[in-house]
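What follows is a single structure, written as structure tokens, with notes after it.
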Amino acid sequence: MTTLQAPKIQAGYEPLPGYRLEKRIGQGGFGEVWRAGSPGGMKKAIKFVFGSHDQSRATREMRSLERIKGVRHPFLLTLERFEIIDDQLVIVTELADESLEDVQARYRKNGSCGIPREKLLSYLNDSADALDYLHDSYKLQHLDIKPGNLLMVGGHVKVADFGLLKDLRDVECSVVGGLTPVYAPPELFDGRPSIHSDQYSLAVMYQELLTGTRPFSGRTIAQLASQHVHSPPNLEPLPPSDRPVLAKAFEKTPERRFPSCREFVEALRDARKRPVSVASSTDTPIFGQQEAKADVADLPLLADGGGLLPEKAKTESATKHALVIAIGGSGAECVRELRRRVADPRMSSGLKLHSVLIDTDMRTIHSMRLAEASDRVPKCNLIHTPLKTAHQYRENGTEKLRSISRRWIYNVPRSGATEGMRPLGRLALVDHGEMVTKKLSESIHQLIEEVGQESVDVYVVGSLAGGTCSGMYIDVVHLLRDLMDKSGLADTKILSLLTSAPLLVDQRNPIAAHDTQAALVEIEHFLKAGNGYPGDEGAGWPSVPAARTPLHDIYLVAGASNSRFGISPVDTIVEYLWADVNECDELFEQARSPAKQEKGTVSKLGFRSVGVVPLGDSHRLEQGLLAPALVREVMMAWIGNPATASNRASFVVQRLMRRIGLSPDAITAQIQNFLTEKQITTDAAVESKGSSQDSDAGVAKPDPVTLQIEALANGGRFDWMCAGWINNLYREISVGLSDRRVDLVTAVESLKLIKDQAAKMKAHAFDSLTDLPNTSGNSRPQSKSDRDFVCRTVRAVTAVQFDHLSRSIKFLEERLERFSTILAIAINESKQNSREENPWASMPDEIKAYLPELKNCLHDAAVNSYLVRPLNDQSSNVDARYLITELSRQATDLVIPVVQQHNNLLVVELGKEMKHDSVQSDGTKAFNTAKMVQHSIDATQTMPDSGQRLTDSPVTIEEALELARPELLSLGGMQRLVLVVSNEIERGRMESELRAIYDGAVTVAVIPGAAPKLVHEAQQIELKNVLSRLSALNGGNEHVTARLSSRTDVAW
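With positions in the sequence shown counted from 1, the corresponding number in our numbering is that position plus 298.
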């Protein structure tokens, strides 16, 4: 047998007639390329594909050649012919001068890191033109773009090697083998090529040819595949202006890249024409490294020259509309206070407040529902997004939760709360995604129907330091942006007012700093150019382009209630938002606008912050500290002292037993009177049957008297007795609570004693009943059988009724204990905003002396509505937050006149001393507090107009200056101080006081009718500095922060 051998590929070999091989110019794992002479003396390139023509590589090449053979373009390498020679695929093309790989090697040999940028862009432009032509005209993608496949011909680049060319109209097309992992886009590893795949490869190649480094450092196929699919590219070697462009081209989602390769190259050309600054992962200092500088510079004044804004007339009839989206507990606090202000006729606001609350906690939702008592404010749209149990998630499937880590899905706390874990907040949001979208859309449409052509302000409020808002905020604000864009509100900005963890170690809540850091890392990602919001397919949320992100309009308010005036970040947000939607709208809008010298530039990634301290009638001392402490005192009195409850109960129970008629004599008389009144005797049962024995059957029948007694006891005819005892108990306990003779703990102990006494009476008190009084109404003496019947009835009825009583008392006990728990929770929560256990202790003696009477006043005003009535109404469902809100409001109204009176007396005394007036000795210094509360003493009538409005204030100008400074300014940035006053008299006094202690620039705004306030605006607080400080506070434990990432489908 003769064996045929394939000819050896070497110089001089003619694979095709007239085509003689001259020199091998390239070789790889799939074939080799030779330079060859051709008929007519032209030089050509001949490629030999390894393997027989029916093997996979050659088959792919054949399919690609069939697709490309009819395509002509000046920047596509010309295909001459291809044939099967000796069972091997042979391809003839025009001969190129060199590849871009060769060009880069030449530059590197000469000491350069890569090809000069302008020259490289011209090469990319040629490549992009050819690749877009392939797609636009033939729906083809090359899918193997790399420097070795871009060949130089006559100073221009031509795209070559079409071995992976794919027709994207073929729904079955996939790519796995043959791709080059260094340049392959992430979708190719999943076998799903896209019309934007070549753009990604072109971007990888651009960075490599320009800088000599690649965006991904993997060395193995597995490493590179993982990095392309999951990791962010390293863009640090690139010029800063190129980074946002490459970031967009490197999007993991193909649809979020540039629409075409040409647009990608054009963006690179345009990048040098505009200044761009992009923060990257390396911008964040290493743990422990302090910020290089925390310089703070003044922003330009809001008016020319001296910074005095002209007096602006206040529009009386204008109605402003605002939509506030609250997320989580802190957001709910903001909305609750805003709604209270709108409902308060004393605030004289023209605001029409539309609000939405999203929360996982039903208590927050219920508390908001309870607070909706005024028709002046539209109802809040409440969106409850509860967490489910891990079992329910397993049962219902997790298909729509693909963006959530399974670690969180299957480890939901038994409490059903987020417990500060932000991924759980997002889990709840995504799980209820369709419902959230529907309700937000409804709120926007309702708003548009009511507003018409009028403008509207939109806000998002919440805290990044908790589990709910921190996990939900990014999705909610982008969903809101998309819904507003589709509803004709594209020009309406969304202003986010968010609290963060304080910039100090908080041992009570260490997870807050990690939550804040994790949230800011994700916000930083979406703030970078090209990193548009990807949406969430499972929740049905669309993507939002980076150019439409609302994350540029964030105010971040850090800090805790660490001042003696109890000012919290939530207070700051409420004050700023309230001023922004009322008299300070134009002022704040101007303050938020970039300064003139900033326009045309893009600053580093950063935030704004703000501090607002009302002057004049703000009553921070009363509202922030004294009123909550007064509420705690009253609630503790309502609960009582467990240590003394048993002793008090022993006296209370005697009165209660007597008042409700729970004694053997009283019970016996009640039953006997009832039997007499209803004429119930033994006659009817006995007269018809004299015998208790059935003569025929010989079986004993039940005693008819016994049957009658059992029917009376168990038939419900005496249930009025137990109902009466319980009603009397409720009444007596309610009266005792109201007049302070009984507290909840004492009431519970008393009920236990009553239950014990009833049990003893049931067992023994009625055993000795023998001689009963005659209650028949006639002189006929009762027979022995009648007395026996009554005695037996009394014992049977009391046994049944005492069983009913025991169960009813147990229910009442549980209700009292539950309410005690609610009060204890309210007491604990109200302490969180105060450094001092009892701020009244540090008050002047003149104020402190009023505390007992104030407690009595608050008790009298509130006990029936917030203690007695809920105890008696079984449908009532009062919670701790509702109690705190309502009682604090009443307490504030009580405390304010006391503090005002004290301040006014000080002013009067000071005036007397200055005039050397003698002090009157008759002086009844004390006065009735209750009367003072209802008829506030207007001591300001005796003061000059220009003078003493600040005497009502809990803070001086100096204190306000300290309190208003945003805590984030400690990290550097730009600042502007604004003093808002309502008239020239206030301006003259307050401005002079402020300038006496503050050397910086001050803008003074005179707005008639405005409440005076000091506003400290901060801008350009670099995000990298905030993240650095939080990282230091977290001990550099980035692992914990990383575990709190809210989604797994984004490479943070």
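A virtual CB, placed ideally from N, CA and C, is assigned to each residue, including glycine.
- Three or more Cβ pairs drawn from the segment 820-831 and the segment 841-852 lie within less than 8 Å of each other, which places the two stretches in contact.
- In chain order, LYS677 place their CB closer than 6 Å to the CB of GLU670, counting only its own chain and leaving out the 5 sequence neighbours on each side.
- A direct Cα-to-Cα measurement between VAL1348 and ASP878 gives close to 35 Å.
- Residue environment: TRP1018 is assigned as exposed (fewer than 16 neighbouring CB atoms within 10 Å of its CB, all protein chains considered).
- GLU835 and ILE702 have their C-alpha atoms spaced approximately 12 Å apart.
- Boundaries of the beta strand (DSSP E) around SER653: 649-657.
- LYS902 and GLN1318 have their C-alpha atoms roughly 7 Å apart.
- About 7 Å separates the beta carbons of ALA935 and LYS1153, which is inside the 8 Å limit, making them a contact pair.
- Per DSSP, reduced to three states, the secondary structure at THR1301 is strand.
- ASN939 carries a coil assignment under DSSP once its states are collapsed to helix, strand and coil.
- Contact between the segment 438-454 and the segment 409-419 is absent: fewer than 3 CB-CB pairs across the two stretches fall below 8 Å.
- Out of LEU924, ASN945 and ASN1026, the CA that lies nearest to the CA of LEU960 is found in ASN1026.
- No residue range can be given for VAL1166, since it is assigned to no beta strand (DSSP E) and is classified by DSSP as neither H nor E.
- Going by DSSP, GLY368 is part of no alpha helix (DSSP H) at all; its letter is neither H nor E.
- With fewer than 16 other Cβ atoms from the protein chains shown falling within 10 Å of its own Cβ, ILE519 counts as exposed.
- Bounds of any alpha helix (DSSP H) do not take in THR511, whose DSSP letter is neither H nor E.
- The Cβ atoms of GLU564 and ARG555 lie no closer than 8 Å to each other.
- In the displayed model, GLN805 falls within coil according to three-state DSSP, outside both helix and strand.
- Counting every other CB atom within 10 Å of its CB across the protein chains shown gives HIS1337 a total below 16, marking it as exposed.
- Within the same chain, PRO552 and ARG555 come within 6 Å of HIS494 by CB-CB distance, once the 5 residues on both sides are set aside.
- In the structure shown, the three-state DSSP call for VAL1033 is helix.
- Taking each of GLU1112, MET1141, CYS882 and THR966 in turn and checking the Cα distance to GLY1307, the smallest one comes out for CYS882.
- Between the C-alpha atoms of LYS784 and TYR1296 there is a straight-line separation of about 48 Å.
- GLU670 carries a coil assignment under DSSP once its states are collapsed to helix, strand and coil.
- Residue pairing by DSSP places ALA334 opposite LEU319 and LYS342 in a beta bridge.
- With a contact defined as Cβ atoms closer than 8 Å, LEU680 and LEU655 qualify at about 5 Å.
- DSSP, read as helix, strand or coil, puts LYS456 in strand.
- Excluding sequence positions up to five before and after LEU1042, its CB lies within less than 7 Å of the CB of TRP936, ILE937, GLY938, LEU1114, PHE1117 and SER1118, all in the same chain and listed in chain order.
- In the structure shown, ASP1158 adopts helical secondary structure according to DSSP, grouped into three states.
- Cβ neighbours of TYR317 within its own chain (closer than 6 Å, five residues either side excluded): ALA334 and SER336.
- With respect to the C-alpha of GLN888, the residue from LEU924, LEU599 and ALA458 having the closest C-alpha is LEU599.
- The three-state secondary structure of SER1140, taken from DSSP, is helix.
- Shown here, ASN829 sits in coil according to DSSP, grouped into three states, outside any helix or strand.
- The three-state reading of DSSP puts ALA595 in strand, counting E and B together.
- No Cβ-Cβ contact shorter than 8 Å links ARG1327 with VAL1302.
- Shown here, GLY489 sits in coil according to DSSP, grouped into three states, outside any helix or strand.
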